[in-house]
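Asker: Shown below is the structure under consideration.
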Amino acid sequence: MSLHTAYAIKHGTTVLSGLQGLNVSTNPEVQNNVGIGSPFPQFAAIVAQKPRDAFGSTMVAQALALTGSTGAKIDASNPLVGYFAKLDVDGLPLSGSVHRSYTSNRGVIVPRRLTCSHRQAARLDMEAILFSSDGAAHPLVIADDVALPTLVVANVEHTLGPISLGVTAGVVAFGCAQSVTIDFGQGAEALGCDSDIFDTHMQQTGIRPVITLTGLDASAFGASGVPPVGLKVDHTETAIYLRKRDDGIGFVADDTAEHIKLTANGVAVVTQHTGQGTSRAEITVQITCSWDGTNAPITIDTAAELP
3 MSLHTAYAIK HGTTVLSGLQ GLNVSTNPEV QNNVGIGSPF PQFAAIVAQK
53 PRDAFGSTMV AQALALTGST GAKIDASNPL VGYFAKLDVD GLPLSGSVHR
103 SYTSNRGVIV PRRLTCSHRQ AARLDMEAIL FSSDGAAHPL VIADDVALPT
153 LVVANVEHTL GPISLGVTAG VVAFGCAQSV TIDFGQGAEA LGCDSDIFDT
203 HMQQTGIRPV ITLTGLDASA FGASGVPPVG LKVDHTETAI YLRKRDDGIG
253 FVADDTAEHI KLTANGVAVV TQHTGQGTSR AEITVQITCS WDGTNAPITI
303 DTAAELP
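Numbered by the working numbering, the letters in the sequence shown go through residues 3 to 309 in order.
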């Protein structure tokens, strides 16, 4: 028997840190059609596989620097390797080149979702969409004789910071923020030809980011905030900050360029003002992002100062 635990992901020479999970999946499509004369299928065949690697990290500055908002290419120069550590009888990884790896040389790593709540560590969930060189070679190459990479200490965390919405003519301070969720709206997908089992090409059908904010300040909704009809927002005055924690107590100084700043262009609308029992009611704002002709709908600066 061989027992393993998820250990690491490496892109090129970079070992991603702060991983919270690793899922390597083949995503098979199997057909078994039933015809007349019998209730049972008389033939079963694997007609497609769409392998994926899914993983999430709390080292969001490193992860966002890799993926940006559009993704990072996987190729022969920058392969993606997922590691699973083989365990000894004490439950800890064995020494030596006895561990499992899954290597991919074609694909793209896309950011799926960034989440952060009040006082909690931000997290970026990512997915690697993989494809084959020729439609016959499996996109995942398995090895059981590899050494584990050296892990980077996961000692950098960011949490929720100040948020502002609007354009130069008018800015709304989103007070008492409680959470932010960014769905990057990735439309990247692999496609195949000639009924090959494995895909051989990549296409981008669209990148449609949506940002969801929650906060407790009711003034964010109304005449002095986001009106019922909605509010145009742009990169100049729309910013979401993630504050970098100090290694111990508190935060890195506001004027230190180690915080994260995300800006957006699009339209903001309040979707609900809701409360339960005697708890403080919560405002939810949704920003549907769009391209301004120059910048991506969401821009990312992982070396920013706080306002």
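Glycine residues also receive a C-beta, built at the ideal position from the N, C-alpha and C atoms.
Alanine 266 and serine 71 - do their beta-carbons sit closer together than 8 Å?
Answerer: Taking 8 Å as the Cβ cut-off, serine 71 and alanine 266 do not qualify as a contacting pair.
Asker: Might you give, ordered along the chain, the residues of its own chain that have their beta carbon closer than 7 Å to the beta carbon of threonine 238, omitting 5 neighbours on each side?
Answerer: Taken in chain order, the residues that qualify are Val169 and Thr170.
Asker: Per DSSP, which residues does phenylalanine 253 bridge with? Please list them.
Answerer: Partner(s): Arg247.
Asker: With distance defined between alpha-carbon atoms, name the residue in Gly163, His101, Asn80 and Ile111 nearest to glutamate 191.
Answerer: The shortest C-alpha separation from glutamate 191 is found at Ile111.
Asker: DSSP on glutamine 22, reduced to helix/strand/coil?
Answerer: Residue state, collapsed to three classes: strand.
Asker: Determine the direct distance from the alpha carbon of aspartate 303 to that of phenylalanine 186, and round the result to whole angstroms.
Answerer: Their Cα atoms are separated by approximately 16 Å.
Asker: Using CA coordinates, which residue listed in Gly23, Val49 and Gln22 is at the minimum distance from asparagine 35?
Answerer: The shortest Cα separation from asparagine 35 among Gly23, Val49 and Gln22 belongs to Val49.
Asker: So what's serine 221 in DSSP terms, helix, strand or just coil?
Answerer: In this structure, serine 221 counts as helix in the three-state DSSP scheme.
Asker: How big is the Cα-Cα spacing for threonine 183 and isoleucine 242?
Answerer: Distance between the alpha carbons of threonine 183 and isoleucine 242 is about 11 Å.
Asker: Quick one: give me the first and last residue of the alpha helix (DSSP H) that valine 158 is part of.
Answerer: Here valine 158 belongs to no alpha helix (DSSP H), and DSSP marks it neither H nor E.
Asker: In whole angstroms, what is the alpha-carbon distance linking isoleucine 131 and leucine 244?
Answerer: Their Cα atoms are separated by approximately 28 Å.
Asker: Apply the 10 Å Cβ neighbour rule to histidine 275 and answer buried if 16 or more other Cβ atoms are within range, or exposed otherwise.
Answerer: Histidine 275 comes out exposed.
Asker: Per DSSP, tyrosine 104 is paired with what?
Answerer: Answer is Gly84 and Ile144.
Asker: Taking C-alpha atoms, which residue in Thr28, Val62 and Ala74 lies nearest to proline 53?
Answerer: Cα-wise, what sits closest to proline 53 is Thr28.
Asker: Buried or exposed for cysteine 195, going by 16 or more other Cβ atoms inside 10 Å?
Answerer: Looking at its Cβ environment, which holds fewer than 16 other Cβ atoms inside 10 Å, cysteine 195 is exposed.
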